[in-house]
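Notes follow the structure.
In structure tokens form, the structure reads like this:
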């Protein structure tokens with residue numbers, strides 16, 4: 001591989017710039033850059049493809065722009081590698097020389113791009129080169145570990161933590177930080193209103209998004225200045241606000257602005273521009289995602305309470321307008337804001353028309369999971385009775401299951417717990433055997449706030465159905481968890497049930513593997529050995545629980 005790479009490099013020596021502008025030869029050079037591990041080879045290519053040998057047209061050429069991007073990423077990789085263990089290297093070492101040339105080359109490319117930004121903004125290939133260079137200036141490869149899909153209610157952490165996963169260089173060279181500041185000024189801060197609005201509405205909006213993500217972790221103070229400037233343009237007037245927030249391209253930028261805003265800036269955006277306007281936004285197919293990101297970004301109870309005051313009374317209309325994602329975001333956010341949890345559950349009951357009379361509150365979970373589809377993005381409705389036909393399996397509503405998963409993490413999910421336990425055994429089995437519903441049961445059983453007696457009631461109501469669940473792809477997960485957590489007596493009872501229908505259990509792959517994992521053969525043929533092993537396992541589990549779950553003071557005493 002090394003000899004092959006060197007042979008190609010020697011063959012194209014002196015013609016790199018010309019050859020990289022042609023389709024087939026550029027692919028060869030790009031392959032060479034991406035697959036070689038030879039630092040010296042990358043250095044030679046960087047010396048020949050540099051700001052003194054290339055022009056603006058080179059960056060806007062489809063073939064050569066790809067070569068340049070590959071070279072930028074390879075050089076950044078070298079800089080990251082050398083800087084990570086270069087502190088202990090002597091002054092004249094190879095590591096320091098590699099850091100010096102790679103830093104200098106990347107800085108020159110970045111400086112060239114800032115000088116010719118207006119021309120590059122008009123070209124698609126030029127915009128891609130700018131994005132790659134911006135990532136290099138920030139020492140970040142944005143979006144390698146997350147995407148727009150995970151920025152929604154699927155995001156496990158905040159945006160700052162997600163971006164930090166993409167950081168590949170711990171400390172930036174000072175020259176890079178200065179260049180980032182200049183980049184932000186030319187692209188956003190010093191650009192006239194009209195031109196900036198065109199950028200936000202045009203193809204270059206992705207460049208601004210990348211700038212925000214890079215600055216969020218590398219230059220937080222500058223990030224907030226960029227946010228303030230963008231907010232001025234987005235909410236300049238009603239026409240600008242409507243055009244930007246309802247465009248599928250620019251609305252994503254507004255989402256990014258909200259996510260990277262600090263608490264102070266977000267409060268100002270809410271007070272000056274969004275308060276009282278959420279209804280018009282959640283009704284729109286595109287703008288409703290901005291409302292979702294606003295809920296996700298809220299970090300203060302005061303701000304979240306204000307948002308809830310606008311949304312809770314309209315929750316019924318929100319669902320009927322096919323905006324269930326807002327409900328999921330609210331349930332997720334309520335896990336952080338305990339004072340709003342009780343009100344959210346009541347708002348859900350009112351939206352499903354089961355708040356009054358009080359006896360009807362027990363219908364909440366059935367309506368969220370099984371209610372007949374109304375064609376408006378939510379199940380259930382006024383005058384609608386929950387039904388479950390013996391020969392007709394109803395689909396479980398995805399967003400309803402997601403909301404319930406978050407609700408079972410609330411401080412006091414008692415009312416929702418009682419509603420789940422009100423389901424018929426066959427309905428609980430249907431939930432457990434569903435792709436979305438199985439996560440509801442799993443979350444319920446794992447919850448730290450659901451009372452143990454309620455978990456025991458659910459497990460008891462599944463008696464007689466464990467074989468059917470074990471044979472299902474999703475239900476087998478629930479059975480596996482139950483067998484791993486219940487006491488010895490109950491586990492013996494469940495094992496008896498599995499043994500009684502062993503042939504049926506072994507008829508499916510899921511059932512066979514679950515029986516094998518549970519030790520069904522040993523339970524049936526070597527029962528005494530199985531009991532001894534099981535008692536030892538229970539004892540070990542209790543000892544571990546005593547260590548990790550007892551009070552801190554007791555834990556210290558036990559360790560002593």
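Numbering (full-length UniProt numbering), first residue to last: 1 to 560. Quick reminder that beta carbons are idealized off the backbone N, C-alpha and C, glycines included. Just so it is clear, the structure is predicted and the values come from calculations on it, not from any experiment.
Residues sharing a beta bridge with residue i, DSSP
i           : result
residue 167 : 140
Nearest-angstrom Cα separation, counted from residue j out to residue i
i           : j           : result
residue 427 : residue 363 : 13 Å
residue 234 : residue 200 : 9 Å
residue 406 : residue 29  : 50 Å
residue 222 : residue 96  : 30 Å
residue 117 : residue 105 : 18 Å
residue 17  : residue 69  : 14 Å
residue 77  : residue 515 : 49 Å
residue 487 : residue 537 : 11 Å
residue 623 : residue 141 : Not covered by the structure: residue 623. The range shown for the chain is 1 to 560.
residue 457 : residue 437 : 18 Å
residue 330 : residue 264 : 21 Å
residue 512 : residue 505 : 6 Å
residue 642 : residue 533 : No information on residue 642 is available, as it lies outside the stretch 1 to 560 that the chain covers here.
residue 72  : residue 43  : 11 Å
residue 208 : residue 187 : 8 Å
residue 390 : residue 371 : For residue 390, the predicted model reports a pLDDT of 38, less than 50, meaning its position is unreliable; a value from the coordinates is still stated below. Near 15 Å, if we compare the C-alpha coordinates of residue 371 and residue 390.
residue 88  : residue 238 : In this prediction, residue 88 scores a pLDDT of 45, lower than 50, which makes its location untrustworthy; no coordinate-derived value is stated.
residue 91  : residue 40  : Interpretation of residue 91 is limited by its pLDDT of 47, a score under 50 that renders its predicted location unreliable; no figure is taken from the coordinates.
residue 440 : residue 422 : 15 Å
residue 463 : residue 251 : 50 Å
residue 522 : residue 531 : 9 Å
residue 279 : residue 259 : 20 Å
residue 483 : residue 425 : 18 Å
residue 563 : residue 315 : Summary: the structure shown does not reach residue 563, with the chain confined to residues 1 through 560, and so no result is reported for it.
residue 67  : residue 129 : 10 Å
residue 94  : residue 101 : 11 Å
residue 37  : residue 132 : 20 Å
residue 448 : residue 301 : 23 Å
residue 20  : residue 103 : 23 Å
residue 412 : residue 503 : 42 Å
residue 15  : residue 74  : 20 Å
residue 368 : residue 481 : 24 Å
residue 343 : residue 450 : 19 Å
residue 471 : residue 507 : 8 Å
residue 544 : residue 347 : 41 Å
For residue i, the three-state DSSP class (helix, strand or coil)
i           : result
residue 354 : coil
residue 51  : coil
residue 449 : coil
residue 172 : coil
residue 84  : helix
residue 526 : coil
residue 242 : helix
residue 287 : coil
residue 122 : coil
residue 135 : helix
residue 412 : coil
residue 313 : helix
residue 375 : Per-residue confidence for residue 375 stands at a pLDDT of 40, beneath the threshold of 50, marking its modelled position as unreliable; the derived number appears in the next sentence. Coil, per DSSP.
residue 396 : coil
residue 507 : coil
residue 116 : coil
residue 335 : coil
residue 190 : coil
Cβ-Cβ distance between residue i and residue j below 9 Å
i           : j           : result
residue 325 : residue 361 : no
residue 295 : residue 286 : no
residue 408 : residue 443 : yes
residue 80  : residue 139 : yes
residue 276 : residue 176 : no
residue 123 : residue 60  : yes
residue 478 : residue 430 : no
residue 261 : residue 204 : no
residue 196 : residue 225 : no
residue 33  : residue 25  : no
residue 328 : residue 281 : no
residue 575 : residue 227 : Since the displayed the chain opens at 1 and closes at 560, residue 575 lies outside it and no answer follows.
residue 273 : residue 246 : no
residue 213 : residue 244 : no
Going along the chain, which unbroken runs of the alpha helix (DSSP H) with 4 or more residues stay wholly within the region 423–488? 425–432, 437–446, 452–461, 466–470, 475–485, all fully within the region 423–488.
Give the list of continuous beta strand (DSSP E) stretches no shorter than 3 residues that lie fully inside the region 7–33. Fully enclosed beta strand (DSSP E) runs of 3 or longer: not present.
If you scan the region 199–268 from start to end, which runs of the beta strand (DSSP E) of 3 or more residues do you find wholly inside it? The region 199–268 contains no whole beta strand (DSSP E) run of 3 or more residues.
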